[in-house]
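Visitor: Below are the structure tokens for one structure; questions will follow.
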Amino acid sequence: MRIPRIYSPQRLSENTVIELDEAAANHVSRVLRMKAERKLFIFNGEAAHHFAAHIISVNRKSVAIQVLAKIPTQLESPLHIHLGQAISKGERFEFAIQKAVELGVNEITPLWSAHCDVKLNDERLAKKVRQWRQIAIAACEQSGRDRVPTIHPPMPLESWLGCVEGHEKWVLDPRGLPQQSATQVSRACILVGPEGGLSEQEVALACDHQFKAKLIGPRVLRTETAALTAVCLMQSLWGDF
583 MRIPRIYSPQ
593 RLSENTVIEL
603 DEAAANHVSR
613 VLRMKAERKL
623 FIFNGEAAHH
633 FAAHIISVNR
643 KSVAIQVLAK
653 IPTQLESPLH
663 IHLGQAISKG
673 ERFEFAIQKA
683 VELGVNEITP
693 LWSAHCDVKL
703 NDERLAKKVR
713 QWRQIAIAAC
723 EQSGRDRVPT
733 IHPPMPLESW
743 LGCVEGHEKW
753 VLDPRGLPQQ
763 SATQVSRACI
773 LVGPEGGLSE
783 QEVALACDHQ
793 FKAKLIGPRV
803 LRTETAALTA
813 VCLMQSLWGD
823 F
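So the mapping is simple: the numbering used here equals the position in the sequence shown, first residue as 1, plus 582.
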């Protein structure tokens, strides 16, 4: 039987007894329906390790666990990738976050661009950001990652271009050039437009900020597919694929 991995944002140390936070306790008791004595792995998303643990008690309001041995992991890529993804409609953006986390992305910034059709007021946007962060956590639980990637607050594309750093920076553009150089880098950035693509002005602005316009194949890809394809290409060139 597969041992579940549970995220809990609290300090963890060996040979201690803790109560899980509300979200983790609900996941263990109501979603997974785990009982006392069941084994699990627990991590807090801050370091390259997790802990073996077992459940001491489960009730409607709390779950107590015994934290056991610390288990170091080496699942993080040597390549730090920051994905700037224009916000798209429906489940496409959530899908891109989930899969990007599974593929090893370290940071994701939702971006407002000229062709974004998504309209959200402050309250709905704050709710979306919380949802996106939970998607990232769930992807870490599933994929085995112990460091939870950072989901930054949404920002205008122009502002992101002015502050993001990387040794290799790509803006995905069907008019760009295929990747040729494989010189080793340790930090990289990817800019991906929404369903309608980036405007010529936005691509030009990105290139003014040392981004390279990149073509990642002869076929037109959906926004979420383009992001994941670029992540895989970077990981194969400079990461751990």
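C-beta atoms are modelled at their ideal positions from N, C-alpha and C, and glycine is treated no differently. Just so it is clear, the structure is predicted and the values come from calculations on it, not from any experiment.
Return the chain-ordered list of same chain residues with a C-beta closer than 8 Å to the C-beta of L759, the five sequence neighbours on each side being excluded.
Guide: Closer than 8 Å at the Cβ level, and outside the excluded window around L759, lie K794, A795, K796, L797.
Visitor: Start and end of the alpha helix (DSSP H) containing D790?
Guide: Start and end: 782–790.
Visitor: Does K671 pass the burial test, meaning 16 or more other C-beta atoms within 10 Å, or should it be called exposed?
Guide: The residue in question, K671, is exposed, as its Cβ has fewer than 16 Cβ neighbours within 10 Å.
Visitor: Could you tell me how far apart the beta carbons of K652 and I637 are, in whole angstroms, since I believe they sit closer than 8 Å?
Guide: With a Cβ gap of about 18 Å, K652 and I637 do not count as contacting.
Visitor: In angstroms with no decimal places, state the Cα-to-Cα distance between V753 and T598.
Guide: The straight-line gap from Cα to Cα measures roughly 47 Å.
Visitor: For D822, count the other beta carbons within 10 Å of its own beta carbon; 16 or more makes it buried, fewer makes it exposed. Which is it?
Guide: With fewer than 16 other Cβ atoms within 10 Å, it is exposed.
Visitor: Going by DSSP in three states, V645 sits in which element: helix, strand or coil?
Guide: It is a strand residue.
Visitor: Pick from N703, L810, Q680, T732: whose alpha carbon is nearest that of A720?
Guide: Answer by Cα proximity: Q680.
Visitor: Would you kindly report the start and end of the unbroken beta strand (DSSP E) that includes I798?
Guide: Per DSSP, I798 belongs to no beta strand (DSSP E) and is neither H nor E.
Visitor: Note down, in chain order, each residue of its chain lying with its Cβ closer than 7 Å to the Cβ of L594, except the 5 sequence neighbours on either side.
Guide: Closer than 7 Å at the Cβ level, and outside the excluded window around L594, lie I624, N626, F633, V649.
Visitor: May I ask which residues mark the beginning and end of the alpha helix (DSSP H) holding L707?
Guide: Run containing L707: 704–725, per the alpha helix (DSSP H) assignment.
Visitor: Can you tell me where the alpha helix (DSSP H) with V683 in it begins and where it stops?
Guide: 674–684 is the extent of the alpha helix (DSSP H) around V683.
Visitor: Identify which residue in L780, D728, A812, E601 has its Cα closest to the Cα of C698.
Guide: Closest by alpha carbon: L780.
Visitor: So, with DSSP's three-state summary, where would you put A808?
Guide: A808 falls in the helix class under three-state DSSP.
Visitor: Thinking just about the alpha-carbon of each residue, which of L614, W820, G726 is nearest to the one in A629?
Guide: It is G726.
Visitor: If you follow the alpha helix (DSSP H) that A630 is part of, which residue opens it and which one closes it?
Guide: From DSSP, A630 is part of no alpha helix (DSSP H); its letter is neither H nor E.
Visitor: Roughly how many whole angstroms lie between the Cα atoms of A786 and V687?
Guide: Those two C-alpha atoms are separated by around 25 Å.
Visitor: Can you tell me which of the three DSSP states A770 falls into?
Guide: Of the three classes helix, strand and coil, the one that applies to A770 here is strand, per DSSP.
Visitor: Considering only residues of the same chain and omitting the five flanking positions on each side of C814, which have a CB-CB separation below 7 Å?
Guide: Once the five neighbours on either side are set aside, the close Cβ partners of C814 are L685, F823.
Visitor: Thinking G748 and H664 are a contact (beta carbons under 8 Å), I'd like their distance in whole angstroms, please.
Guide: Confirmed, Cβ separation roughly 6 Å.
Visitor: Taking the alpha carbon of Q761 as the point to measure from, which residue in K621, M816, R615 has its own alpha carbon closest?
Guide: Nearest option by C-alpha distance: M816.
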